[in-house]
Structures are given as C-alpha cells and as structure tokens.
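Heads up: the structure comes next, in structure tokens.
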Amino acid sequence: VSTLTFVPALIDRWPRAYATSVRLEEVLNIEDKIIKSDNATDNPKEIEIVEEDIDCGDKGIWAERKDLIQKFRRILKDDKAKTIISMILLTASTLCMVYAPKVAGKTVDLLGSNVNSSNDVAIYTNLALLLVLYSVGYLFKLPPKRIMGVIGEKVAYNLRMKLFDKIDLIGSGFIQENSKGQILSRLNNDVMNIREFVSSRISEIFAQIISIVLVAVLMLMTDVRLSLIYLVILPVYAICFYICDVKSRAHYDGHQKQLGRLMSYFERGLSNRHSFHEKGFKKINKTVIDNYIKSRNITSFMEPITTFLTNVSNITVYIAGVYLLSVNEIQLGTLLAIIMYGQLMTKPIKKLSTSMASIETAFSSIKRLFAIIDYQKD
6 VSTLTFVPAL IDRWPRAYAT SVRLEEVLNI EDKIIKSDNA TDNPKEIEIV EEDIDCGDKG
66 IWAERKDLIQ KFRRILKDDK AKTIISMILL TASTLCMVYA PKVAGKTVDL LGSNVNSSND
126 VAIYTNLALL LVLYSVGYLF KLPPKRIMGV IGEKVAYNLR MKLFDKIDLI GSGFIQENSK
186 GQILSRLNND VMNIREFVSS RISEIFAQII SIVLVAVLML MTDVRLSLIY LVILPVYAIC
246 FYICDVKSRA HYDGHQKQLG RLMSYFERGL SNRHSFHEKG FKKINKTVID NYIKSRNITS
306 FMEPITTFLT NVSNITVYIA GVYLLSVNEI QLGTLLAIIM YGQLMTKPIK KLSTSMASIE
366 TAFSSIKRLF AIIDYQKD
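In my numbering, the protein residues as written are 6 to 383.
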C-alpha cells in the first residue's frame, strides 16, 4: 500500500512539466510565426538556425563518472581542509547515531533480566549514554551544513570567474561560433546546480553512505542471521541505482542542453525580432519537456522500488525475529536493536533514491561547465 502511494506523484510529473512550459510560452509570447520588419526594404525571412555547442565528449559510464568526480575534486581543491573537517564531523555524528541502537538493546535486556532494575546503575548509565550519543550526533550535524554552504557560494563564484576568464582568453569569436544561450545557460543554470549540490547534497550523500556502511557492520556484530535479511537486499538496491543512472544520463544531459537552446532562442528573438523570425520554439520546448519528463520519471521510480524492498525486508525480519525470540535463540534487546538498525539503513537508502535527480543534474552541469573551462581552441 505504501508503495502505491507514490503512483500519483509519478503521474503528476508530466502535467507539471507541461504547465511550466506553457506558462513560459505565454509570458514570453514567442510563437512560430513570421514577424514583419519595420524597414520596408527588408524582406521578412523565416529561418531555422542550427545550434552549435561544445562537444562534451561521450565516454563509458564508469570512465565518465570517474572523470566527473575528479572535476568535483578540482573545484573543491581550495577548500580541501574545510571539506575534510566537515566529513569528519559527519562521520562522528553518524557513528554516534549508529551506536545508539546497540546501547538501547542492552538497556532493554537489562530491564528484562533484572527484577530490581530500578536500582541497577548500569541501566541509568546506558540511558545517560543514549542521551549523550543522540545529542552529540545531532550537534555534530550542524557545523558541516554551515561549512558546505559557504563553500558552495565560493565554488559558484570561482566557476563564474573561470568561465569569464576562459571566454575572454579565447576571444569573442568563440561566442559567435557557439550558441550564446548555451554560454548563458552554463553561467546561470549550471553554476546554480553545482552550488546547490555542493552546499547541501554532497554532505548529505556522504552521511548516507557512511551510515549504510556503519549500520551494516554493527548489525552483523549484533546478530548475523537477522542482519543477512537486510544485507541480501543491498545488491538489489545497487543494481536498481545503476540501471536508473544508465537510463537517465542521456535525458539529463539533453535537458540541460535544450535549456541552453531555449535561452539562445529568447536572446535572438528579442534582439532581432524585427529583421527575421527563427523557427523552432515549439520544437525546442517540446524537447525540453520530453527530456525533463523522462529523466525525472526514471529516477523517481527508485523511490517506490526502495519502499517496496524496505517493506519486504522489514516484514521478513519481524517474522524471523519473533520466531527466534519464541525459541529463545535471541533476546528482546537484540531484536529491538536489529529493527532500529534496519530503520537506520533503509532511511539513507530512501534519501539516496530521492537524491538521484540532483546527483544526475550536478553531473550533467559539471560536465557542461568544464567543456568550456577545459576548451582548447584549434
């Protein structure tokens, strides 16, 4: 049932994308029609311009992802120390959160095995330790958000300066040879995508991956049999992520490129609308819509898939745990700890599935930006 709740959200994506494009067309009032020139000597022309853009290169998915990660390391090079500090704090925060269920399980076992539990100092010690772990885990999450937010703004500024310097170095002919809209799209849309990704997404994704790894280790240390139920599904998650990445990559790249074409269309239409009319707005607009829908729908399928797999693993653990508890092979605290670990593992996996759109957008944007920054004029 909880899996089916995502279906309306998937169905709603196309109307929202279409409505956005229609509003854009109505506001700008740009249509495929011939506009007469104010100059009587001019003959109104209807032309269709073939856009030129910088070739970003087409590599295999693993080679491309490795190259893009290297590019992210380049833009974070100046703030390497701050980034490392942020990741260390996130690791400490995650470790505190992950270790807490083990303490909670021990506390439950002490309560169940000790008749005079109110006089047991170990129980109060564990409760105090739980309070400390959750408090420290929460507080350690705050500085990285601030640090990465500042780094994101700095990265956006540096990328813009590099783009301006590169365009100034290779001359104005570069802009004439390539679409102005593609240049403007990189300066605005792509840079903002990178800023948003660095400011908030990088730290979140790192924390989610660390959480999955630490939870898997501590889960195995608690009970191997129940842990395997959760761990067996991890490869299925990985395969689903890989398939979505492969299928959606071209659509994300196409969406960013077509946005540049739209900006180029607006620029030419506003500056030269009295001398000629360019065909193709509706065609470009439809391509933007199609790429948006396909890219988001593919990555959005990860959310119901992860929900379904999570529900299956949870139900299986509950049934197996109750059976092992009934035959006295495990204690109640062990089952409680495994259930809490299961929640800690599935939560970051769900977040990763919802972050796929921002990850793919950031990869597409960084590739387009460095196509100019690393451009070598023949």
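For glycine and all other residues, C-beta sits at the position ideal for the given N, C-alpha and C.
As the structure is a computational prediction, the values presented were derived from the model and not from experiment.
For residue i, the three-state DSSP class (helix, strand or coil)
i	result
V332	coil
Q75	helix
K146	coil
D379	coil
S318	helix
S91	helix
F306	coil
L132	helix
L116	helix
L81	coil
T312	helix
Rounded separation between residue i and residue j - CA only
i	j	result
L340	K291	53 Å
G142	L135	10 Å
V327	Y247	35 Å
R230	I298	42 Å
L100	K288	52 Å
I335	R165	59 Å
K76	V241	29 Å
D114	L225	18 Å
D295	S190	19 Å
A68	I74	10 Å
L132	D250	43 Å
K372	D84	21 Å
L2	M153	The chain is shown from 6 up to 383; residue 2 falls before or after that span and cannot be answered.
I244	D173	44 Å
A255	S305	16 Å
T112	V155	41 Å
V222	K82	31 Å
I89	M307	30 Å
M92	F169	31 Å
L239	I175	49 Å
V237	I188	46 Å
F313	S253	21 Å
D228	V218	16 Å
I344	R151	32 Å
N333	R78	52 Å
L329	G110	16 Å
V126	N302	54 Å
Presumed contact (8 Å Cβ cut-off) between residue i and residue j, rounded CB distance
i	j	result
N163	I80	7 Å
L349	V137	About 18 Å separates the two Cβ atoms, so there is no contact after all.
N198	A342	Not a contact, Cβ separation roughly 40 Å.
A105	Y139	6 Å
S216	P309	The Cβ separation is near 22 Å, so there is no contact.
T311	S358	5 Å
S370	D195	4 Å
Same chain only: Cβ atoms within 8 Å of residue i, ignoring 5 sequence neighbours per side
i	result
K171	I377, I378 and Y380
I234	S318, T321, V322 and A325
R206	S360, S363, I364 and A367
L95	F145, K146, P149, S208, F211, A212 and I215
K356	E209 and Q213
Any non-hydrogen atom of the ligand FAD closer than 7 Å to residue i Cβ
i	result
A255	In the structure shown, the ligand FAD is absent, as is every other ligand, since no ligand is present at all.
Sequence-distant residues of the same chain with beta carbon closer than 6 Å to residue i, five excluded per side
i	result
G157	R200, V203 and S204
V160	I80 and V203
Y346	P106, V220 and M224
S98	G142, F145 and K146
T351	T315
S232	M224 and L225
V108	N131, L134 and L135
Cβ-based neighbour list, residue i, same chain, cut-off 7 Å, excluding 5 preceding and 5 following
i	result
K167	I378
I128	T112, L115, L116 and S122
F375	K76
| field | Runs of alpha helix (DSSP H) lying entirely within the region 197-241, each at least 4 residues, in chain order | value | 207-227
| task | Let me know the beta strand (DSSP E) ranges lying completely inside the region 334-360, each 3 residues or longer, listed in chain order. | result | none
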